[in-house]
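Asker: From first to last, the protein sequence lines stand for chains A and B. Okay, so the first sequence: first residue is 1 according to the working numbering, each after it adds one. Okay, so the second sequence: first residue is 1001 according to the working numbering, each after it adds one. The beta carbon of each residue, even a glycine, is placed where N, CA and C say it ideally should be. First the structure, then my questions, so here it is.
Protein chains: 2
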Amino acid sequence: MQPTRIHLSKEEPVTPQFLKKIIRAIGVKVTDQRMTILQEILNGAEHVTAQSVFENVKHKTPDIGFATVYRFLRTLTDHNVLSEIRVQGLPARYEWANKKHHDHISCTSCGKISEFENDEIEKLQIQIARNLNYKLTNHIMELYGLCSDCQRKQNILPN
Amino acid sequence: MQPTRIHLSKEEPVTPQFLKKIIRAIGVKVTDQRMTILQEILNGAEHVTAQSVFENVKHKTPDIGFATVYRFLRTLTDHNVLSEIRVQGLPARYEWANKKHHDHISCTSCGKISEFENDEIEKLQIQIARNLNYKLTNHIMELYGLCSDCQRKQNILPN
DNA sequence: TTGAAAATGATAATTATTATCAACAAACCC
DNA sequence: GGGTTTGTTGATAATAATTATCATTTTCAA
């Protein structure tokens, strides 16, 4: 299954037609389950887990199995509709892929994720690659730290 | 178990005394197993997994259980002797914590890996973290691209 | 040396994810 | 539309990494 690059804007209204367009674009069959899952992702929270998608979707479609959710999230990831964020041992989280490029910093204690973008780093990366005779195509940059809340907790309860 | 910050240089000779110093510094009892595990990490490869440490250590100490290895790696991580790197769904990898940081760029075609370090990016990362109220503890930065050889091949054999 | 506290190792439990497969459903053709 | 092919579903098992449990053993300070 080759990763197809798809350019879809999240700004378009979430109509059934729009959902079908996405599903067809990645070359798979349109099913009720996939429609529901996509809708949930488009309407729901920012960084969803397979579990949270599953639970929310289950209200509308109680017969759905979580293997279906996992599978479709993977498919969407393979086709760059979603991107997958994996932090520590926590379950994978997903976000809409083609928003402006950004990276993540996440808290190693509570798992909170914040986003940022930094053009200067992007430029340096390209430069580094060029110096080593690589043509840069992609990168992963994940920062880890303690968020303000967890820094505070650590001071209050030293144990 | 409070994270104790320990400053130990890997440059010191790996004597039994040195190993004991580390183990005592984190406030746990000195056991043969812990000595052997630490020695393995100090002498062994760069980015080890719990599994690889376990297997190597088992040659010298066949009676060791892998729970012991996991536990001790976690303890060392909690006390910042090691740092833990978790990428994708892969098993956690450990590296000596207070050495100079470096990153990797790898070729998506042939798998070649080159290392680099860049102070400017490191500084920017710390700055970014600070702006978002995180205390940066670690990061992963992996660049992906085509190495010079594979760029050339791609031109010769387009596909 | 000895006894309390901690560590070990075997194994079970847990967690996230992927694989399997029979029943079912979508899409293409006529 | 009806039939057929092929893809999808959902229940469940399998896998993989990690953590918990607990009886036994070991460390180490008094």
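Is there a Cβ from chain B that is less than 9 Å from the Cβ of GLU142(A)?
Answerer: GLU142(A) counts as touching chain B.
Asker: Excluding the five sequence neighbours on either side, which residues of its own chain have a C-beta within less than 6 Å of the C-beta of SER1114(B), listed in chain order?
Answerer: The residues are ILE1105.
Asker: Who are the Cβ neighbours of THR49(A) in its own chain at under 6 Å, not counting the five residues just before and after it?
Answerer: The residues are PRO91 and ARG93.
Asker: Can you tell me where the beta strand (DSSP E) with LYS135(A) in it begins and where it stops?
Answerer: Element bounds for LYS135(A): 135-146.
Asker: Please list, in chain order, all residues of the same chain as THR77(A) whose beta carbon is under 6 Å from its beta carbon, the five residues on each side excluded.
Answerer: Correct list, in chain order: GLU84.
Asker: Quick test of the definition: if touching needs 3 or more C-beta pairs under 8 Å, does the stretch 1033-1048 of chain B touch the stretch 1014-1024 of chain B?
Answerer: Taking 8 Å as the limit for Cβ pairs, the verdict is that the stretch 1014-1024 of chain B does touch the stretch 1033-1048 of chain B.
Asker: Against THR75(A), what residues of chain B qualify as contacts under a CB-to-CB distance less than 9 Å, listed in chain order?
Answerer: None at all; the shortest Cβ gap to chain B is about 17 Å.
Asker: Secondary structure at THR1036(B), three-state DSSP: helix, strand or coil?
Answerer: DSSP places THR1036(B) in helix when its eight states are reduced to three.
Asker: Compare the C-alpha of ILE26(A) against each of LEU143(A), HIS102(A) and ARG74(A) and name the closest.
Answerer: Closest by alpha carbon: ARG74(A).
Asker: To the nearest whole angstrom, what separates the beta carbons of GLU1117(B) and HIS1102(B), a pair I think is in contact under 8 Å?
Answerer: 4 Å between Cβ atoms; contact.
Asker: On a Cα-Cα basis, can you pick out the residue from VAL14(A), PHE72(A) and THR61(A) that is closest to LYS29(A)?
Answerer: Closest by alpha carbon: PHE72(A).
Asker: Since THR137(A) and TYR1144(B) are thought to touch, with beta carbons under 8 Å apart, how far apart are those beta carbons, to the nearest angstrom?
Answerer: Rounded, the Cβ-Cβ distance is 6 Å, consistent with contact.
Asker: Just list the alpha helix (DSSP H) runs in the stretch 59-103 of chain A, keeping only unbroken ones of 4 residues or longer that don't cross its boundaries, in chain order.
Answerer: Whole alpha helix (DSSP H) segments, 4+ residues: 66-78.
Asker: CA-CA distance, MET1001(B) and SER1148(B)?
Answerer: Only weak support is given to the placement of MET1001(B): the predicted model assigns it a pLDDT of 40, under 50, and the question is left unresolved by the model.
Asker: Do you know how far the Cα of LYS123(A) is from the Cα of ARG130(A)?
Answerer: Their backbone Cα atoms lie some 11 Å apart in a straight line.
Asker: How big is the Cα-Cα spacing for ASP63(A) and SER52(A)?
Answerer: Approximately 16 Å, taken between the alpha carbons.
Asker: With 9 Å set as the bound, which would you pick, yes or no: does the beta-carbon of PHE178(A) sit closer than that to a beta-carbon of chain B?
Answerer: Limits of chain A in this structure are 1 at one end and 159 at the other, which puts residue 178(A) out of reach.
Asker: With a threshold of 8 Å on Cβ separation, who are the neighbours of ASN56(A) within its own chain once the five nearest residues in sequence on each side are excluded?
Answerer: GLU40 and GLY44, listed in sequence order.
Asker: List the residues of chain A whose Cβ lies closer than 8 Å to the Cβ of HIS1059(B), in chain order.
Answerer: Simply none; closest approach about 28 Å.
Asker: Closest Cβ-Cβ distance between GLN1051(B) and chain A: below 9 Å?
Answerer: Not one chain A Cβ lies under 9 Å of GLN1051(B).
Asker: What residues from chain A crowd round LEU1146(B), counting only those whose CB sits closer than 7 Å?
Answerer: Chain A residues near LEU1146(B): TYR134, LYS135 and THR137.
Asker: Compare the C-beta of ASN1080(B) with all C-beta atoms of chain A and state if any pair is closer than 9 Å.
Answerer: For ASN1080(B), the answer is no, since every Cβ of chain A falls outside 9 Å of its Cβ.
Asker: Using the beta-carbon of each residue, which ones in chain B are nearer than 7 Å to THR108(A)?
Answerer: What THR108(A) touches in chain B: THR1137.
Asker: Within the 9 Å Cβ cut-off, does ILE1041(B) reach chain A?
Answerer: For ILE1041(B), the answer is no, since every Cβ of chain A falls outside 9 Å of its Cβ.
Asker: Let me make sure I understand the geometry here. Which of GLY111(A), TRP96(A) and ASN133(A) has the alpha-carbon closest to that of LYS1112(B)?
Answerer: Nearest C-alpha to LYS1112(B): ASN133(A).
Asker: Note down the Cα distance separating LYS1135(B) from THR31(A), rounded to an integer number of angstroms.
Answerer: Taking the straight line joining both Cα atoms gives about 45 Å.
Asker: Restricting to Cα atoms, I'd like to know which of ARG152(A), CYS110(A), PRO13(A) and VAL81(A) is closest to ILE23(A).
Answerer: It is VAL81(A) whose Cα lies nearest to the Cα of ILE23(A).
Asker: Since GLU95(A) and GLU46(A) are thought to touch, with beta carbons under 8 Å apart, how far apart are those beta carbons, to the nearest angstrom?
Answerer: The pair is a contact, with the Cβ atoms about 6 Å apart (cut-off 8 Å).
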